[in-house]
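A.B. asks:
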Amino acid sequence: MAHREDYAVAIWRLEESSAELSSSLASQWGQAVLCPYPNEKRQQEFFACRMAASALDIKPEQIDKHPQGWPILKNEGGFISFSHCKHFAAVLYSHSQANIGIDIEHISERFIKVASRYLSPQEWEDVQARFNEKEEMMRILCLYWTAKEALFKAVHSQNIDFQQAFQIEPIEQLTDEGSLNALFGQQQYHLHYRFEEDFCYCICIAA
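Residues in the sequence shown are numbered consecutively from 531, following the working numbering.
1. Looking at the structure shown, is N549 part of a helix, part of a strand, or coil, going by DSSP?
2. Could you give the C-beta distance for C579 and F612, rounded to a whole number, given that I count them as a contact under 8 Å?
3. Is the Cβ-Cβ distance between I630 and S624 less than 7 Å?
4. Rounded to the nearest angstrom, how far is the Cβ of I698 from that of A712, given a contact under 8 Å?
5. Would you kindly work out how many angstroms separate the C-alpha atoms of D728 and H722, rounded to a whole number?
6. With a threshold of 6 Å on Cβ separation, who are the neighbours of E575 within its own chain once the five nearest residues in sequence on each side are excluded?
7. Any idea what DSSP makes of D633, helix, strand or coil?
8. Return the chain-ordered ranges of every beta strand (DSSP E) run that is complete within the stretch 642 to 667 and spans a minimum of 3 residues.
9. If you reduce the DSSP assignment to three classes, tell me which class E591 lands in.
10. By how many angstroms is the C-alpha of Q716 removed from the C-alpha of F618?
11. Which residue marks the beginning of the beta strand (DSSP E) containing F729, and which one marks its end?
12. Within its chain, find whatever has a CB closer than 8 Å to the CB of T676; leave out the 5 residues flanking it on each side and keep chain order.
Okay, structure coming up:
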């Protein structure tokens with residue numbers, strides 16, 4: 531869990547079944563939490579995101595869904611973003627900033643296979659010029675993906691071309707944790723990323 535002055539992040543490791551997660555939430559908050567999904571995996575992700583939110587003292591009953599699909603908090607309780615991947619769920623919360631987004635991803639070869647779908651030609655050229663080893667390539671491409679997914683969630687727009695819509699400053703050196711700036715139109719966004727174990731997460735907040 532990470533706290534800053536204007537935001538907080540919580541990560542939950544996906545180890546329990548949906549029934550175990552549901553029971554834990556009910557015990558913690560004193561009431562059952564209903565999940566709208568019939569599929570076990572979707573249920574697990576649903577409850578795990580709420581377990582992560584609970585670590586930030588956000589009650590499940592506060593969480594609602596915007597008509598266009600992203601999570602919101604009721605009664606002007608702040609702003610929230612969810613993400614989940616193979617073994618983790620992640621939550622980003624801000625009490626004052628509406629344009630926020632988080633993405634968490636398991637590092638894998640699939641990012642190499644689909645790189646041309648979400649990187650601009652210039653970004654792909656820069657990555658290939660700077661990062662030659664396979665492990666480095668997977669990490670940098672995972673970072674670009676999480677950054678663009680976090681931006682997508684923060685801008686609250688539909689039908690975005692991931693290749694061209696977001697301008698992210700060039701990543702010249704890959705570190706375990708760092709910050710980047712990005713543009714969507716005329717709006718600037720701050721990105722902060724972190725690599726841990728075999729996953730990467732990135733948060734996005736409007737400047």
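Every residue gets a Cβ at the ideal spot worked out from N, C-alpha and C, and that includes glycine.
None of the values given here were measured: they were computed from a predicted structure.
C.D. replies: Walking through what the data contain:
1. The sequence shown places Ala at residue 549, rather than the Asn named in the question. It is helical.
2. 5 Å
3. Pairing I630 with S624 gives a Cβ-Cβ distance under 7 Å.
4. 5 Å
5. 17 Å
6. H614
7. In this structure, D633 counts as strand in the three-state DSSP scheme.
8. none
9. helix
10. Straight-line Cα distance between these residues: approximately 33 Å.
11. F729 to A736
12. The beta carbon of T676 sits closer than 8 Å to those of D633, I634, E635, Y723, C730, Y731 and C732, all from its chain and outside the five residues before and after it, given in chain order.
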